[in-house]
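One structure below.
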Amino acid sequence: MLNKIEPPGSNKSTFFELLGGEAGGVENIRKLVETFYDIMDSDPKAQPIRAMHPADLSSAREKLFMFLTGWTGGPQLYIERYGHPFLRQRHMPFSINESARDQWMYCMIKAMEQLGYQEPLMTKMAEQLYGVADFMRNQHG
Ligand code: HEM
447 MLNKIEPPGS NKSTFFELLG GEAGGVENIR KLVETFYDIM DSDPKAQPIR AMHPADLSSA
507 REKLFMFLTG WTGGPQLYIE RYGHPFLRQR HMPFSINESA RDQWMYCMIK AMEQLGYQEP
567 LMTKMAEQLY GVADFMRNQH G
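Residue numbering for the sequence shown follows our numbering, starting at 447 and increasing by one per position.
Right, dumping it as structure tokens:
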């Protein structure tokens, strides 16, 4: 369970701050990504997108962790290591349609639920991530 989420109306602003900021943000994002990929790796609903990934998910886990740490407003770990993410371009080798996008969001929302994310963080972060996931779409269906 997360215990660092501030109530609505507090002056905490970024997702990273709501997730604990310097005190626990990095650790909470690590947990989110680990849970997200554990779900992708085991839930039959995510099998089609799991199959797009290599057997070993450790690199994907590390890169999503680094990316989301910066994306939420924390240290820009991904950019410091790899430069501009060019995320849409990097996803072009994979056939991402509405169904793939929704499977990705399904894993992420399930991970947030399992970790006890509360409102308004849950909905706001899911909405913002949906925008990114939809931007990755390069196919219909
Ligand atoms: C919409 C559905 C999505 C699918 C099916 C998908 C699939 C993939 C796959 C197959 C890889 C390659 C993994 C590897 O080679 O180990 C990847 C890499 C990555 N994805 Fe996604 N992804 C999706 C959405 C997203 C979203 C929404 C984000 C960010 C919020 C994201 C962030 C990343 C990052 C940071 C990488 C590593 C890029 C690199 O190689 O440096 N992906 N994704």
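Backbone N, C-alpha and C define an ideal beta-carbon position, used for all residues, glycine too.
{"Asked": "Inter-stretch contact at 8 Å, needing at least 3 Cβ pairs: the region 475-483 / the region 548-557", "Found": "yes"}
{"Asked": "Residue span of the alpha helix (DSSP H) that contains A492, given as start and end", "Found": "First-last for A492: undefined, no H or E at that position."}
{"Asked": "Distance, R527 Cα to G587 Cα", "Found": "35 Å"}
{"Asked": "Cβ contact (3+ pairs, closer than 8 Å) linking the region 470-479 and the region 511-527", "Found": "yes"}
{"Asked": "Cβ-based burial, G421 [other Cβ within 10 Å; buried from 16]", "Found": "An answer regarding residue 421 cannot be provided, because it is not within the stretch 447 to 587 covered by the chain."}
{"Asked": "Distance between M571 and N449 (C-alpha atoms, nearest Å)", "Found": "Note on N449: pLDDT 47, under 50, position unreliable in the model; the coordinate value appears next. Near 17 Å, if we compare the C-alpha coordinates of M571 and N449."}
{"Asked": "Check: Q522 C-beta below 8 Å from any heavy atom of ligand 1", "Found": "no"}
{"Asked": "Alpha carbon of D489 to alpha carbon of T518, nearest angstrom", "Found": "26 Å"}
{"Asked": "Pairwise C-alpha distance: N584 and L464", "Found": "32 Å"}
{"Asked": "Length of the line joining the Cα atoms of M447 and M498", "Found": "Here M447 scores only 42 on pLDDT, less than 50, and its place in the model should not be relied on; the value that follows carries that caveat. Rounded to whole angstroms, M447 to M498 spans 30 Å at the Cα level."}
{"Asked": "Buried versus exposed call for E559 [16 or more other C-beta atoms within 10 Å across all chains shown]", "Found": "exposed"}
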